[in-house]
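With my numbering, letter number 139 in the sequence shown gets 494, and the count goes up by one each step, no holes.
Note that beta-carbon positions come from the ideal geometry of N, C-alpha and C, so glycine has one too.
Every value quoted in this text rests on a predicted model; they were computed, and no experiment measured them.
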Amino acid sequence: MTVQYRDGIEIELSDGTRVVCDADEPDEDVAVVSHAHGDHLPATGTTAVCSPLTAAVGTARMDGQLQATSDPRINLRPAGHVAGSRATVVEDPDSTRYCYTGDISTRSRAYLDGFEPPDVDVLIVEATYGEPGYEFPPHEQVAGEIVDWLAETGAPVLLLGYAFGRAQKLQLLAERAGRDRVLTTDGVLRVNDPIESALEITFPAEPFDDTDLRPGDALVLPMTSGRIDWIDRLADEAGAVTAGFSGWAVESSFKFRGDFDVTFPLSDHCDFTELLALVDEVDPDRVYTQHGAATTLATELTARGHDATALKQGQTSLGQF
Ligand SMILES: [Zn+2]
């Protein structure tokens, strides 16, 4: 068997079937999409093994359709990252079990259940924060600090985070803090709709139509670097305070790079300790790290006694059992 990082993560089973996960242009036997973040979505008009909610959010975010299908060899498990996100468990005919995590969080929070480590032989794990020093406080602590700050701040607030995932949690936190109005962009509202239908929850935001912001308003905005000037101008005109939300907020440079007044380490990924704990719990025969700090995480895992390899794009890793 081989695990490769080419266009997406490719797992070749003993019967020659290729399962390709999160490729831009999947052309293999079985295509899988873990979740509807832009860097994981395929080109438009793809049919892939994914959750119905990933297909719905992906379709809402792209011009074309993402169609969900299933495959008897593939079992999808909640990944705890964003609404509809799934880890992929593949059963090889030779009975080797693989898990490709995609992006994961083991913390249950808001409307998400944390990822439950599966019993597999080969684990392909994301490594976004796979480096010592990336430690997030407990979720309820971060959420509580955000709510307190939102409740204490009299000025309008601009809350910046990814349009899918962060923006929905920020709406709920602004509502919990009792802000007068929660406003957001059409792009975020388009993502809200399928999540509301699938999970039977309601996000509080109304459309922001460029009217004057008032004290008590919370405006949730997608974090898009191309709009920093626009956001700065909006904040100046309204006397608003800007806040950035990301796991990268554990680094002080995040605040300066984004020109935020305040930042909070609100993340949809495992932190470093959680990644180590996850691999320890799965205890696979072989682990591949992928994305972000893949090399550092593989080194740390090897030091802890795991058979760990960082997957580099274009490189083939032959497994041995
Ligand atoms: Zn993601």
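So, with DSSP's three-state summary, where would you put residue i?
i	result
Pro407	helix
Val375	strand
Glu367	strand
Phe676	Below a pLDDT of 50, predicted positions are generally treated as unreliable, and Phe676, at 34, falls in that range; no measurement from the model is reported.
Val388	coil
Gly669	coil
Following a CB-centred definition, is residue i positioned closer than 7 Å to any heavy atom of ligand 1?
i	result
Val437	yes
Asp458	yes
His661	no
His494	no
At a threshold of 7 Å, does residue i count as lining ligand 2 (C-beta to nearest heavy atom)?
i	result
His646	Ligand 2 is absent from the structure shown, which contains only ligand 1.
For residue i, report the span of its alpha helix (DSSP H) as first-last.
i	result
Thr651	649-658
Could you give the first and the last residue of the continuous beta strand (DSSP E) run that contains residue i?
i	result
Gln645	641-645
Ala663	663-665
Thr357	357-361
Buried or exposed: which applies to residue i, given that a residue is buried once 16 or more other Cβ atoms fall within 10 Å of its Cβ?
i	result
Ala398	exposed
Lys667	exposed
Asp564	exposed
Ser406	buried
Ala560	buried
Ala663	buried
Gln523	buried
Asp382	exposed
Gln359	buried
Ala590	buried
Thr644	buried
Glu636	exposed
Gly419	exposed
Phe558	buried
Item to check | Contained beta strand (DSSP E) runs [length at least 3] in the region 468-554, N- to C-terminal order | outcome: For the region 468-554, whole beta strand (DSSP E) runs of length 3 or above, ordered along the chain, are 477-481, 512-516, 536-539.
Item to check | Secondary structure, beta strand (DSSP E): runs of 3+ residues fully inside the region 546-629 | outcome: Taken in chain order, the complete beta strand (DSSP E) segments of 3 residues or longer contained in the region 546-629 are 572-577, 596-600, 617-619.
Item to check | Complete runs of the beta strand (DSSP E) confined to the region 409-456 [at least 3 residues] | outcome: If we require 3 residues or more, the beta strand (DSSP E) runs fully inside the region 409-456 come out as 421-424, 429-433, 441-446, 452-455.
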